[in-house]
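The block underneath contains the structure these notes are about, expressed in structure tokens.
Chains as they are written, first to last, in the numbering used here: chain H, 161 to 415; chain U, 30 to 293.
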């Protein structure tokens with residue numbers, strides 16, 4: 161037990177320490193003036209904290225991801241369920257979804273700025289575009305995978321279409337939707353950083369582009385990058401925790 | 030004096046499926062009457078259309094011809110007064126035992142719902158497991174949940190589609206005994222599909238033997254054995270032999286000649 165705990169915490173810490181040491185040594189050995197050392201990055205983080213922008217930027221980025229993904233859930237899940245249930249809906253809509261899906265949300269940014277102007281709505285729109293297609297596709301295949309007996313049982317107990325969706329289709333899809341949500345939030349977190357470089361003047365993406373433009377502060381650039389990685393990890397871990405809730409655990413067989 | 034209207038009446042049912050070889054007849058002129066409170070088994074080999082037949086009777090599929098009458102009224106779709114019990118995958122995995130059993134009671138007031146759920150839980154012997162999820166239960170317990178979910182809404186009729194088919198043979202015997210106990214208490218009309226000859230003789234008042242391709246009812250056999258049934262009584266064995274003969278399995282396995290290779 162203790163040995164496992166030691167490995168669980170010790171090994172990742174050891175690997176990180178080795179990487180940071182190599183980074184430090186490389187900066188010292190090459191005598192680079194551009195690339196910051198680990199110590200400079202830590203000082204940079206301290207500076208950002210003192211300036212008080214870190215919290216605001218973090219919350220701005222998180223809010224945009226939450227809004228964009230939330231809108232995508234509200235639209236994509238009902239649309240996807242409908243496509244999963246009705247063959248005609250899938251025939252009509254699937255080519256559209258599969259055609260639009262591979263387009264990077266960033267390719268939409270010129271149109272997003274024309275449509276919404278430079279600012280918050282354009283950023284949220286880009287995240288919405290990043291999230292809607294994977295969520296719709298996941299909702300469709302989740303509904304298609306529901307055993308026929310569950311739909312029949314629902315109808316047998318007198319459920320109409322609305323109640324059937326709410327009480328059978330939706331709960332049966334939740335495990336698959338959680339997996340899709342985890343992937344989607346990962347993509348959204350990638351996209352928000354890029355979108356903030358283009359369309360707004362706050363958030364972690366803006367922090368990075370601003371640190372470079374205003375005086376080539378690469379210590380702040382790297383500090384921002386490490387923070388982005390850390391938050392992305394936390395989001396992923398958060399959704400993974402949801403997968404362990406009792407009403408959805410049936411969908412995640414133990415390894 | 031007029032005869033009372035049968036609970037279920039299957040009249041001239043035909044069913045067809047589209048296959049790669051074109052249209053195939055699955056059921057041909059199926060006629061059957063089931064009285065109120067009667068337990069009738071549909072017995073036949075796999076692929077004889079007995080499941081299709083039950084799904085038509087349950088209102089999930091439309092027949093190509095003929096009609097199903099319940100209390101003299103034609104069936105147009107599924108109805109909560111007649112509940113279908115599936116194999117064990119029919120329980121909802123996202124709901125607890127209690128949630129599953131109360132599924133059909135959503136529109137009833139809270140106290141009545143709780144009372145009915147508690148009674149159904151007790152009736153199938155799941156007390157203490159109310160808050161467990163189906164994936165935490167054995168196959169037999171999941172099947173009890175399905176039966177309880179059906180009983181909770183107090184239907185007139187139970188349609189059971191090989192409900193114990195996925196269970197091991199010991200659990201299956203226990204479940205049959207429990208089903209009979211529940212049936213004798215609640216007096217539901219039961220139409221029960223099985224391919225198990227012993228199961229049909231142990232459970233049914235009458236057994237409708239089906240033939241395959243296309244599915245037809247060859248004969249309806251009265252199981253005139255008092256309950257509880259003695260599984261080694263001469264009459265039990267004789268009825269078993271009758272059903273075997275009816276299915277083309279006269280004198281057990283010994284008499285079966287190896288099937289000839291079919292030419293392409």
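Idealized CB from N, CA, C, for every residue including glycine. Note that the structure is predicted; figures quoted are calculated from it, not measured.
Cα atoms of residue 52 of chain U and residue 45 of chain U: separation of roughly 6 Å, rounded to the nearest angstrom. The C-beta distance from residue 35 of chain U to residue 62 of chain U rounds to 4 Å, short enough to fall under 8 Å.
Put simply, the CB of residue 315 of chain H is near chain U, with a gap under 8 Å to one of its CB atoms. Taken in chain order, no unbroken stretch of beta strand (DSSP E) lies wholly in the stretch 198-276 of chain H with a span of 3 residues or more. Going by beta carbons, residue 239 of chain U and residue 219 of chain U fall outside the 8 Å limit.
Only 107, 109, 112, 113, 115, 118, 119, 121, 122 and 123 from the stretch 101-130 of chain U bring a Cβ to less than 7 Å from some Cβ of chain H. Here the stretch 76-88 of chain U does not lie against the stretch 282-294 of chain H, with fewer than 3 beta-carbon pairs under 8 Å apart. Residue 310 of chain H sits buried, since 16 or more C-beta atoms from the chains shown fall within 10 Å of its C-beta. Here the alpha carbons of residue 181 of chain U and residue 148 of chain U stand approximately 8 Å from one another. At a beta-carbon threshold of 8 Å, the residues of chain H lying near residue 182 of chain U are 317, ordered along the chain. Residue 306 of chain H carries a coil assignment under DSSP once its states are collapsed to helix, strand and coil.
By a beta-carbon distance limit of 8 Å, residue 249 of chain U does not contact residue 272 of chain U. Their separation comes to about 11 Å. Residue 367 of chain H: member of the alpha helix (DSSP H) spanning 364-373, first to last residue.
The closest CA to that of residue 84 of chain U, considering only U:74, U:73, U:97 and U:75, is found on U:97. Secondary structure of residue 354 of chain H (DSSP, three-state): helix.
The straight-line gap separating the alpha-carbon atoms of residue 212 of chain H and residue 344 of chain H is approximately 30 Å.
Within the stretch 321-341 of chain H, those residues whose Cβ lies closer than 9 Å to any Cβ of chain U are, in chain order, 323, 327, 328, 331, 332, 334 and 335. Of all residues in the stretch 135-168 of chain U, those with a C-beta nearer than 8 Å to a C-beta of chain H are 135, 162, 163 and 164, reading in chain order. If you draw a 10 Å sphere on the C-beta of residue 198 of chain U, you find fewer than 16 other C-beta atoms in it, and that means exposed. Taking a 10 Å sphere around the C-beta of residue 412 of chain H, we find fewer than 16 other C-beta atoms and assign the residue as exposed. Residues are counted here when their Cβ sits less than 8 Å from a Cβ of chain U; for the stretch 161-183 of chain H the count is zero.
With a cutoff of 8 Å on beta-carbon distance, residue 191 of chain U and residue 116 of chain U are scored as near each other.
With fewer than 16 neighbouring CB atoms inside 10 Å of its own CB, residue 278 of chain H falls in the exposed class.
Sequence-ordered contacts of the stretch 66-92 of chain U with chain H read 84, 87, 88 and 89 [C-beta pairs closer than 9 Å]. Within chain U, the residues placing a beta-carbon under 7 Å from that of residue 407 of chain H are 123, ordered along the chain. Rounded to the nearest angstrom, the Cβ distance from residue 120 of chain U to residue 163 of chain U is 4 Å, consistent with a contact under 8 Å. At least one C-beta of chain H is nearer than 8 Å to the C-beta of residue 133 of chain U. Between the alpha carbons of residue 262 of chain U and residue 65 of chain U lies a gap of roughly 28 Å. Taking the Cα of residue 335 of chain H as reference, the smallest distance to any Cα among H:312, H:386, H:201 and H:306 is reached at H:306.
In the structure shown, residue 219 of chain U adopts extended strand secondary structure according to DSSP, grouped into three states. At least one beta carbon of chain U lies nearer than 8 Å to the beta carbon of residue 312 of chain H. Between the stretch 162-179 of chain H and the stretch 342-360 of chain H there are fewer than three C-beta pairs closer than 8 Å, too few to call the two in contact. Here residue 253 of chain H has 243 as same chain residues with Cβ atoms under 6 Å from its own Cβ, once five neighbours each way along the sequence are excluded. Contact between the stretch 158-177 of chain U and the stretch 124-135 of chain U is present: 3 or more CB-CB pairs across the two stretches fall below 8 Å.
The beta carbon of residue 89 of chain U sits closer than 7 Å to those of 107, all from its chain and outside the five residues before and after it, given in chain order.
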